[in-house]
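Undergrad: With full-length UniProt numbering, letter number 147 in the sequence shown gets 147, and the count goes up by one each step, no holes. Cβ coordinates follow ideal geometry from the N, Cα and C atoms, glycine included. Provided herewith is a single structure, encoded as structure tokens, for subsequent inquiry.
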Amino acid sequence: MQTDRSEANGIRDLAQAHGLDIDPETIAVNELGLDFQVAIAEAVAGQSWVLRIPRRPDVTDRAAVEGRFLRDVAPHLSVAVPDWQIHTADLIAYPLLPGTPGLTIDEQGQPHWHFDVESADYAQSLADFLAELHSIDPALVRSSGIDEFSPAEVRQRKRDDIARVVAEFEVAPSLRERWAAWLDDDAYWPDFTTVTHGEVYPAHQLMDGPRNLSILDWTTAAIGDPARDFMFHHASVSAGSFDATLKRYVDKGDRVWPKFAEHCGELFSTSPVELGLYALQTGDSDHMEAARAQLNPGE
């Protein structure tokens with residue numbers, strides 16, 4: 001969305017203080033990000049830039065890890081990732097990446113898809129990206145400082161996260177029972193971990209039609225459960241399209257397990273837990289209310 005003049009001038013001044021001269025008339029701001037205000041603007045020299053402005057001091061340390069991870073992972077991927085040419089506590093900025101978002105959210109909160117999510121070309125493109133990412137040797141990115149979890153820690157961390165949210169919020173009994181059964185069933189859970197993005201969904205995918213050109217927002221990257229990167233896809237497409245994606249992924253040399261698809265569904269069902277944790281971190285009343293509504297939808 002276009003921003004007002006005073007805010008645009010403030011963003012221009014912030015960029016100028018970091019050696020980037022942008023035209024304030026070209027600034028468009030996206031306020032949807034939870035951790036960063038994001039603006040796109042043209043530099044006076046002509047190139048378009050993305051500016052990420054931290055909303056809270058606590059995101060700065062995690063951003064430092066993300067920046068190191070991007071440096072390490074970029075040479076091993078066919079898609080483009082952000083090249084942070086400015087990285088300080090006040091501003092992260094990088095040249096605009098190729099492609100357009102596959103999913104946008106309007107001011108009323110309604111999603112708008114900009115490609116055919118059931119397309120065979122999309123299944124192939126997504127599988128190719130995830131196969132590349134998940135085949136990266138964790139040793140190549142470990143020094144970035146990203147979180148690393150063993151298979152046992154993946155499961156225990158989810159158990160702990162659910163327990164914390166249940167202790168702080170009223171959670172529907174049906175959800176508590178569902179999650180307990182899932183946590184107690186070995187068949188759902190991986191016995192290996194991979195490098196993961198953590199939030200692969202089309203708002204973070206810049207595309208040309210059904211093809212992925214660039215991947216954004218690596219804040220949640222970790223060495224952990226590969227299903228994290230499939231769960232939104234599983235929730236968004238038909239079983240046939242999901243199976244086609246998995247077949248391509250396995251054909252490229254990666255692996256899954258018999259209950260992989262079901263595990264993706266269970267992971268996605270814990271999205272309210274993630275929102276609850278985030279609300280507890282920020283303490284924001286709107287975040288808390290949204291979490292309450294999702295964790296106990298019958299009320």
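Whole angstroms are fine: how far does the CA of residue 220 sit from the CA of residue 168?
TA: One C-alpha to the other measures close to 23 angstroms.
Undergrad: Can you give the Cα-Cα distance for residue 86 and residue 204, rounded to whole angstroms?
TA: Rounded to the nearest angstrom, the two C-alpha atoms are 20 angstroms apart.
Undergrad: Let me confirm a value: residue 113 is counted as buried when at least 16 other C-beta atoms fall within 10 Å, else exposed. Which label applies?
TA: So residue 113 ends up on the exposed side.
Undergrad: Just the C-alpha distance for residue 64 and residue 88, rounded to the nearest angstrom, thanks.
TA: The straight-line gap from Cα to Cα measures roughly 9 angstroms.
Undergrad: Among the candidates 237, 25 and 17, whose CA atom is the shortest distance from the CA of residue 6?
TA: Nearest of 237, 25 and 17 to residue 6, Cα basis: 25.
Undergrad: Excluding sequence positions up to five away, which residues of its chain have a Cβ less than 6 angstroms from the Cβ of residue 30?
TA: Answer for residue 30: 38, listed in chain order.
Undergrad: Three Cβ pairs or more, each shorter than 8 angstroms: is that satisfied between the segment 270 to 281 and the segment 135 to 155?
TA: Too few Cβ pairs lie closer than 8 angstroms, so no.
Undergrad: Taking buried to mean at least 16 other C-beta atoms within 10 Å of its own C-beta, is residue 56 buried or exposed?
TA: By the 10 Å Cβ count, residue 56 comes out exposed.
Undergrad: Mind listing, in chain order, the continuous alpha helix (DSSP H) runs of no fewer than 4 residues lying wholly within the segment 234 to 288?
TA: The qualifying runs are 239 to 251, 260 to 269 and 271 to 282.
Undergrad: Tell me the DSSP secondary structure of residue 158 in three-state form.
TA: Three-state DSSP puts residue 158 in a helix.
Undergrad: Spatial neighbours of residue 111 within its chain, please: CB distance less than 7 angstroms, with the 5 preceding and 5 following residues excluded, ordered by chain position.
TA: The answer, listed in chain order, is 103 and 105.
Undergrad: Under 7 angstroms Cβ to Cβ from residue 294, same chain only, skipping five residues before and after it: list those, please.
TA: So the qualifying residues of the chain are 272 and 275.
Undergrad: Which of the three DSSP states is assigned to residue 16 in this structure?
TA: Residue 16 falls in the helix class under three-state DSSP.
Undergrad: Our contact map puts residue 116 next to residue 211 with C-beta atoms below 8 angstroms; I'd like the distance itself, whole angstroms only.
TA: No, residue 116 and residue 211 are not in contact; Cβ-Cβ is about 12 angstroms, not under 8 angstroms.
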